[in-house]
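Novice:
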Amino acid sequence: MRACLLAGLLLALACGGGKGGDPAQPDGGLGSGGGSSDGGSGSGSGEVLTPGGGDWAQYRHDPRGASENRGIFAASEASTLTPAWQTPLELGPYFYTQPLILDDLVIFTTAFSGKVVAADRLSGALRWSRDLGMPVSTDCAGSKKVGFWGSAAVVGDVVYVAGPDGNATALRRSDGSILWTAKIADGTAAGHGEFVQSSPAVSTALGKLYVGVASSAHCDIIGGRVVAVDLGTHAVTTKSLVPAGHRGAGVWSSITIAEDENRLYVTSGNRLGDIGQEPLAQSILALDPGTLDVLDHWQNPTTLENSDFGSSPTIFDAGGKKLVAATNKDGWLYVLRRDSLASGPAWKYQLAVIDPALPDVGGDPTLGWGSISTPVSAGGRLFAAGGRTPQGETGSVIAFDPSTGQTLWKHVTPGYVIAPAAAAGEVLFVESSAPDGTAGTLEVLEQSSGKVLKSVPGSVAIFGAPSVGHGFVVYGNALGHITALVAPKYR
């Protein structure tokens, strides 16, 4: 489960070191589409693409979750990226989420303090801040401040968040005032410390907001759930992924919405106990967006105890096939046909290895083992990344032919990759971190070749994904230092 990945690492970061441990790393789009682009200048179908890209308004850009901003961003402009704000924004410890980039604002959610923060996109000046922090409690681990591990989502004049207070909350975009709330999780000890770690996926076409529910402590695992909130009535629908009396299958990744298929795609966390008793744990699932009934699924048959799908599902079409991809803590990338999940992988690839000291368990992604990095679909390619490779490298990002799984290129990163990359035009933005937490690097790669166009080193690990929009690239390190870069041509 993700909830227990980062607590030890946070403690070490606060003391200047860095190890993996106990609460977590996070995972966030507007509109009704998504998908792949052909690169920098157009889609071949008359689509007009925005220089620098338009808004990045949900986690992974949009409810379809390809992590691609379909705009113009030439590889030649990567070297011109320079700091956008005279005074860097400091949000304080800790920060695990993907920022949203809008025409006027950049919106952040913070761990520990539990705040939603809006800053001016051009200057970085604070516009408003809303405190939604509330402790999450269990009988075995006590009470702790966890804050946000999921990004916000913006649709029109509304900012949606799923907070540590157990609510889905709608905020007014202009000033952060609360418009409405809906209870989706019970973070009290009586509720076993339920915690929403996934970012809200919002579909105006379906009129719903979707999130997963997971645990906040290893010592008090809950039964995973998927929750839908009606945007008009605020009514809540919930679907448990385990039989009554069972625990496991937490959903701490984010939901992918295929509006054209009338389906949701979901990934679930590890089982607790006999794999046969929890067939929806450690699985890739298709759900009905109205009833949340399970339509199809495939369960990873691994016997590893720690076999979460920490990656969100990425959907794409290739070679006449509708496919879905996700990475697992076991280190493998799995690609399945969306019309037949139960048939198992169409192809798979080992991105990373597990901890050899824990051969029956797996390993901690914040120490560089396995993968929870959500794949990216862009430019007719599938990009996937993870931790320590079978070849002994610290981490890597690989471009695949999405139809066949053929490797197109591989780039060895300075550290392990834990967050999704972000694609725009001809470029791919990838973050990686040193296993001891003492370094984090943003690399800008050419999508077609994997060539490094620019590298921005830092002295702290990075867990939140970068975003790109309106010529800006924005990301934050684990201690809440926000970096905003801009390509002057697209500003």
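Numbering (our numbering), first residue to last: 453 to 943.
Cβ coordinates follow ideal geometry from the N, Cα and C atoms, glycine included.
Tell me the start and end of each unbroken beta strand (DSSP E) in the stretch 710–751 that is at least 3 residues and wholly inside, in chain order.
Specialist: 715–719, 735–739 and 746–751
Novice: Classify Tyr868 as helix, strand or coil using the three-state DSSP reduction.
Specialist: Taking the first residue of the sequence shown as position 1, residue 868 is located at position 416. Strand.
Novice: Output needed for Arg943: all residues of its chain with C-beta closer than 6 Å, excluding positions within five of it in sequence on either side, in chain order.
Specialist: Counted from its first residue, the sequence shown places residue 943 at position 491. Answer for Arg943: Gly923, listed in chain order.
Novice: For the beta strand (DSSP E) holding Asn758, just list the boundary residues, first then last.
Specialist: In the sequence shown, residue 758 corresponds to position 306, counting from 1. Looking at the DSSP string, Asn758 is not in any beta strand (DSSP E), and its letter there is neither H nor E.
Novice: Using 8 Å for Cβ pairs, my map puts Thr865 next to Gly847. What's the rounded Cβ distance?
Specialist: On the sequence shown, residue 865 is found 413 positions in, with the first residue counted as 1. On the sequence shown, residue 847 is found 395 positions in, with the first residue counted as 1. Between the beta-carbon of Thr865 and that of Gly847 there is about 4 Å, and that keeps the pair under the 8 Å contact cut.
Novice: Out of Leu931, Gly932, Ser705 and Ser907, which has the shortest C-alpha to C-alpha gap to Leu533?
Specialist: Counted from its first residue, the sequence shown places residue 533 at position 81. That would be Ser907, whose Cα lies nearest to the Cα of Leu533.
Novice: Return the CA-CA distance between Leu747 and Thr754, expressed in angstroms with no decimal places.
Specialist: Looking up residue 747 in the sequence shown gives position 295. Looking up residue 754 in the sequence shown gives position 302. In a straight line, the C-alpha of Leu747 is about 22 Å away from that of Thr754.
Novice: Asn619 lies in the beta strand (DSSP E); which residues open and close that run?
Specialist: By one-based count along the sequence shown, residue 619 stands at place 167. First-last of the beta strand (DSSP E) with Asn619: Asn619 to Arg624.
Novice: Take Arg715 as the anchor and find which of Phe852, Asp627, Leu897 and Arg516 has the nearest alpha-carbon.
Specialist: Here residue 715 is taken as the residue at index 263 of the sequence shown, counted from 1. Ranked by Cα distance from Arg715, the options Phe852, Asp627, Leu897 and Arg516 are led by Arg516.
Novice: Thinking Val568 and Val613 are a contact (beta carbons under 8 Å), I'd like their distance in whole angstroms, please.
Specialist: Position 116 of the sequence shown, counted from the start, is the residue given in the question as residue 568. Position 161 of the sequence shown, counted from the start, is the residue given in the question as residue 613. That pair is a contact at about 6 Å.
Novice: Would you kindly work out how many angstroms separate the C-alpha atoms of Gly599 and Ser589, rounded to a whole number?
Specialist: The residue given as residue 599 occupies position 147 in the sequence shown. The residue given as residue 589 occupies position 137 in the sequence shown. Gly599 and Ser589: Cα-Cα distance of roughly 13 Å.
Novice: Considering only C-alpha positions, which residue in the set Val681, Leu631, Pro545 and Gly916 is nearest to Ser655?
Specialist: Sequence index remark: in the sequence shown, residue 655 carries index 203 (1-based). Among Val681, Leu631, Pro545 and Gly916, the Cα nearest to that of Ser655 belongs to Val681.
Novice: Per DSSP, what kind of secondary structure is His670 in: helix, strand or coil?
Specialist: Residue numbering aside, residue 670 sits at position 218 when the sequence shown is read from its first letter. For His670, the secondary structure class from DSSP, reduced to helix, strand or coil, is helix.
Novice: Could you please give me the residues that DSSP links to Lys596 through a beta bridge?
Specialist: As a working mapping, residue 596 is identified with position 144 in the sequence shown. Val588, per the DSSP bridge assignment.
Novice: Can you tell me whether DSSP reads Tyr786 as helix, strand or coil?
Specialist: If you number the sequence shown from 1, residue 786 lands on position 334. Three-state DSSP puts Tyr786 in a strand.
Novice: How far does the beta strand (DSSP E) with Gln802 in it reach, from first residue to last?
Specialist: Stepping through the sequence shown from its first residue, residue 802 is reached at position 350. Gln802 -> beta strand (DSSP E) spans Pro797 to Gln802.
Novice: Are the CB atoms of Lys926 and Ala936 nearer to each other than 7 Å?
Specialist: Within the sequence shown, the letter at position 474 stands for residue 926. Within the sequence shown, the letter at position 484 stands for residue 936. A small fix is needed here, since residue 926 is Val in this sequence, not Lys. Yes, they are a contact pair.
Novice: Name the DSSP beta bridge partners of Thr708, please?
Specialist: Your numbering for residue 708 matches position 256 in the sequence shown. Answer is Tyr717, bridged to Thr708.
Novice: Please look up how many angstroms separate the CB atoms of Ile824 and Ser759, rounded, as I've assumed it's under 8 Å.
Specialist: Your numbering for residue 824 matches position 372 in the sequence shown. Your numbering for residue 759 matches position 307 in the sequence shown. Going by Cβ atoms, the distance from Ile824 to Ser759 rounds to 11 Å, so no, they are not a contact pair.
Novice: Quick one: using the 10 Å Cβ neighbour count with 16 as the cut-off for buried, is Gly492 buried or exposed?
Specialist: For this step, residue 492 is matched to residue 40 along the sequence shown. Residue placement at Gly492 cannot be trusted, given a pLDDT of 37 that sits under 50; the coordinates are not used to answer.
Novice: Name the DSSP bridge partner or partners of Pro503?
Specialist: Stepping through the sequence shown from its first residue, residue 503 is reached at position 51. Partner(s): Ile524.
Novice: Determine the extent of the beta strand (DSSP E) in which Ser763 is found, giving its start and end residues.
Specialist: For the purposes of this step, residue 763 is taken as the residue at position 311 of the sequence shown. Segment: none, Ser763 is in no beta strand (DSSP E) and carries neither H nor E.
Novice: Rounded to the nearest angstrom, what separates Leu693 and Ile636 at their Cα positions?
Specialist: On the sequence shown, position 241 is the one that residue 693 refers to. On the sequence shown, position 184 is the one that residue 636 refers to. C-alpha separation (whole angstroms): 15 Å.
Novice: What is the residue span of the beta strand (DSSP E) that Asp583 lies within?
Specialist: Residue numbering aside, residue 583 sits at position 131 when the sequence shown is read from its first letter. Element bounds for Asp583: Leu578 to Asp583.
Novice: Just checking, does the stretch 495–514 make contact with the stretch 849–865 on the three C-beta pairs under 8 Å criterion?
Specialist: no
Novice: How about the stretch 724–737 and the stretch 682–690: do they share at least three Cβ pairs that are nearer than 8 Å?
Specialist: Counting Cβ pairs under 8 Å, fewer than three are found: no touch.
Novice: Going by Cα to Cα distance, which pick from Ser706, Thr502 and Ala518 is closest to Pro827?
Specialist: For the purposes of this step, residue 827 is taken as the residue at position 375 of the sequence shown. Selected option, being the one with the closest Cα: Ala518.
Novice: For the beta strand (DSSP E) containing His933, list its first residue and its last residue.
Specialist: As a position in the sequence shown, residue 933 is number 481, starting the count at 1. From DSSP, the beta strand (DSSP E) with His933 extends over His933 to Val938.
Novice: Based on the DSSP secondary-structure assignment, which residues constitute the bridge partners of Asp572?
Specialist: Residue 572 sits at position 120 when you count from the first residue of the sequence shown. Its beta-bridge partners are Leu557.
Novice: Suppose the cutoff is 6 Å on Cβ atoms and the five residues either side in sequence are ignored; what does the same chain contact list for Ser829 look like?
Specialist: Taking the first residue of the sequence shown as 1, we reach residue 829 at position 377. Closer than 6 Å at the Cβ level, and outside the excluded window around Ser829, lie Ser488, Ala518, Thr766 and Phe768.
Novice: Where does Asp816 land, buried or exposed, given buried means 16+ other C-beta within 10 angstroms?
Specialist: Locating residue 816 in the sequence shown gives position 364, counting from the first residue. The residue in question, Asp816, is buried, as its Cβ has 16 or more Cβ neighbours within 10 Å.
Novice: Could you tell me which of Ile934, Val920, Gln802 and Ser900 sits nearest to Val912, measuring between CA atoms?
Specialist: By 1-based counting over the sequence shown, the position of residue 912 is 460. For Val912, the nearest C-alpha among the options comes from Ile934.
Novice: On the criterion of 16 or more Cβ atoms from any shown chain inside 10 Å, does Gln538 qualify as buried, or is it exposed?
Specialist: For this step, residue 538 is matched to residue 86 along the sequence shown. Taking a 10 Å sphere around the C-beta of Gln538, we find fewer than 16 other C-beta atoms and assign the residue as exposed.
Novice: Hey, is the stretch 641–648 in contact with the stretch 659–666, meaning 3+ C-beta pairs nearer than 8 Å?
Specialist: yes
Novice: Within its chain, find whatever has a CB closer than 6 Å to the CB of Ala939; leave out the 5 residues flanking it on each side and keep chain order.
Specialist: Taking the sequence shown and counting its residues from 1, one reaches residue 939 at position 487. Here the set comprises Glu529, Thr532, Leu533 and Gly923.
Novice: Use the C-beta contact count for Asp591: other C-beta atoms within 10 angstroms, 16 or more gives buried, fewer gives exposed.
Specialist: As a first step, residue 591 must be located in the sequence shown, where it is residue number 139. Flag for Asp591 reads exposed.
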